[in-house]
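In the working numbering, the protein residues as written are 58 to 576.
Right, here's the structure in full:
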């Protein structure tokens, strides 16, 4: 190429590059304009369902004077309030900086003062983080963030029974990294300032904190060493244990006589309100040393009462003591368990017609027959100590992992995979004057649902998956579901599926489906 031609070619390429750059800038400006708030100002959100399920509950806070007034903390749905025992609900935390809630607590000296610890304190794959501690002085109408912004996961808040300005916060700290606001924190001025009064290490946080009901200067705290990686969960270590203070948190010592002398994981505790010298602990420990432990001398010594262990300690391991009977307590687990003999035996509570995976339980101190339970499926109440349950299906806090739509006419359908509440589908509108009804929604496959994709040319053909590579083809007309998970060929290594495996339909052929495993 001669020099003149080279100059011309260079000039053409330069002009093309400049034009492309300008086009890119213009495109970005147009994208920014389209995504501005004014673009969506005329759209109104409407609730289309579903009402066939609810979502994961983490805690309750019940007004002791008006037990039909209570707050519900949700794993990834904020805080809700009811003033009529769950007949209706009001979201009271939607304008705050975090939607994942670890705990909610009422000031025992003034139930209009509400404390919230953000960031669910579980170590699961689906856990979300928070941004500190919040406080309301008007029953949840308004909130102020009080600090500990880098705690990310808060397990429990304990308030002095006679002085509402004295508050303790069990901050587990970040799950995926060390550091952060991690440890046990105390305020004596209602949250205006905080002091970390117990710090184990930058890798070990405080899971729970309890005040002795007969002497609030006696404090118990459980430390939990953990770290989640993309490929695994390090669920324990030598720094997990139980600590005690008898001077309001000024000094601490580990109380481990009788506890396993091996690496421990998550430890859940409760104090018997009717006999504060009696403590129970569910201890996750290495080398088959897990179990239920009891102390009858305020934690100075422990006795292993049984080898009972929850199915997933990182997800459960919480105990709730009966307010009247010191021999009776409940264990949050996949199936809720109860002991009536001080932990020597653990039996399943009645949950035949109740969603499993329990995380929260409130027992009426004046009527221990009444239980308010929170699980992956929502809120339940029992009037007969768990023999039967009433479901509060009207709390709209379902956790969706994925959402998709189809090409149905005249009204398209919405599909979604949910956390432990199946994969579900339903219409965006119906011809009924009353609108979308509960019966308009349907389940395509159970379990933890993830991606749902629909044949773009045949909206009656629906593909849905559940955890670890379960895959079905669902016929919307007939309701028939067929398992179509790919299987190994003879002699081939076993497939390894992700908890949430990638799934999509080819844009070139509506009958070609892609589903990814380790291959």
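For glycine and all other residues, C-beta sits at the position ideal for the given N, C-alpha and C.
Boundaries cannot be given for residue 358, as no beta strand (DSSP E) includes it and DSSP labels it neither H nor E. For residue 449, the enclosing beta strand (DSSP E) covers residues 447-449.
A straight line joining the alpha-carbon of residue 565 with that of residue 515 spans about 15 angstroms. Here residue 181 has 372 as same chain residues with Cβ atoms under 6 angstroms from its own Cβ, once five neighbours each way along the sequence are excluded. The C-alpha of residue 557 is placed about 11 angstroms away from the C-alpha of residue 572.
In this structure, the CA atom of residue 87 is about 53 angstroms from the CA atom of residue 325. Here residue 208 is not near residue 221, since their CB atoms are 8 angstroms or more apart. According to the DSSP assignment, residue 389 belongs to the beta strand (DSSP E) that extends over 386-389. Annotation for residue 338: the continuous beta strand (DSSP E) segment containing it runs 336-342.
The Cβ neighbour count for residue 171, taken over all protein chains shown within 10 Å, is at least 16; the residue is labelled buried. Per DSSP, reduced to three states, the secondary structure at residue 151 is coil, with no helix or strand assignment.
Selection 89, 138, 363, 231 evaluated against residue 195 yields 138 as nearest (Cα-Cα). Look at residue 496 here: in three-state DSSP terms it is helix.
Given a length threshold of 3 residues, each whole run of the beta strand (DSSP E) inside the segment 210-246 is given here in chain order: 211-216, 224-228, 240-244. Apart from sequence neighbours up to five positions away, the residues of its chain that approach residue 330 with a beta-carbon distance below 6 angstroms are 270, 380, ordered along the chain. Residue 172 is bridged by DSSP to 162, 192. CA-CA distance, residue 258 to residue 177, rounds to 21 angstroms. Shown here, residue 142 sits in coil according to DSSP, grouped into three states, outside any helix or strand.
The beta carbon of residue 359 sits closer than 6 angstroms to those of 315, 316, 350, 352, all from its chain and outside the five residues before and after it, given in chain order. Pairing residue 131 with residue 109 gives a Cβ-Cβ distance that is not under 8 angstroms.
Counting along the chain, residue 542 sits inside no beta strand (DSSP E), nor does DSSP assign it H or E at all.
About 6 angstroms separates the Cβ atoms of residue 228 and residue 205, confirming a contact at the 8 angstroms cut-off. Straight through space, the alpha carbons of residue 163 and residue 455 are spaced by roughly 25 angstroms. Taking residue 296 as the centre and dropping the five residues before and after it, the same chain places the C-beta of 257, 258, 260, 261, 280, 282 closer than 8 angstroms to its C-beta, in chain order. Three or more pairs of CB atoms, one per stretch, sit closer than 8 angstroms, so the segment 418-431 contacts the segment 381-401.
Exclusion of the five residues before and after residue 370 leaves 322, 323, 341 as the residues of its chain whose Cβ lies within less than 6 angstroms of its Cβ. By the criterion of a C-beta distance shorter than 7 angstroms, residue 334 is surrounded in its chain by 353, 354, 355, once the five residues flanking it on both sides are discounted. Boundaries of the beta strand (DSSP E) around residue 326: 321-328. Where residue 534 is concerned, there is no enclosing beta strand (DSSP E), because DSSP gives it neither an H nor an E. Partner residues in the beta bridge of residue 276, as assigned by DSSP, are 268, 302.
DSSP places residue 392 in no beta strand (DSSP E); its state is neither H nor E.
Sequence-distant partners of residue 518 (beyond 5 residues in either direction) whose C-beta falls short of 6 angstroms from its own C-beta, in its chain, are 512. Within 10 angstroms of the beta-carbon of residue 92 lie fewer than 16 other beta-carbons, which makes it exposed.
Within its own chain, the residues whose Cβ lies closer than 6 angstroms to the Cβ of residue 465, once the five positions on either side in sequence are excluded, are 516, listed in chain order.
Ranked by Cα distance from residue 337, the first of 147, 562, 267 is 267. Of the residues 366, 568, 524, 472, the one whose Cα lies closest to the Cα of residue 107 is 472.
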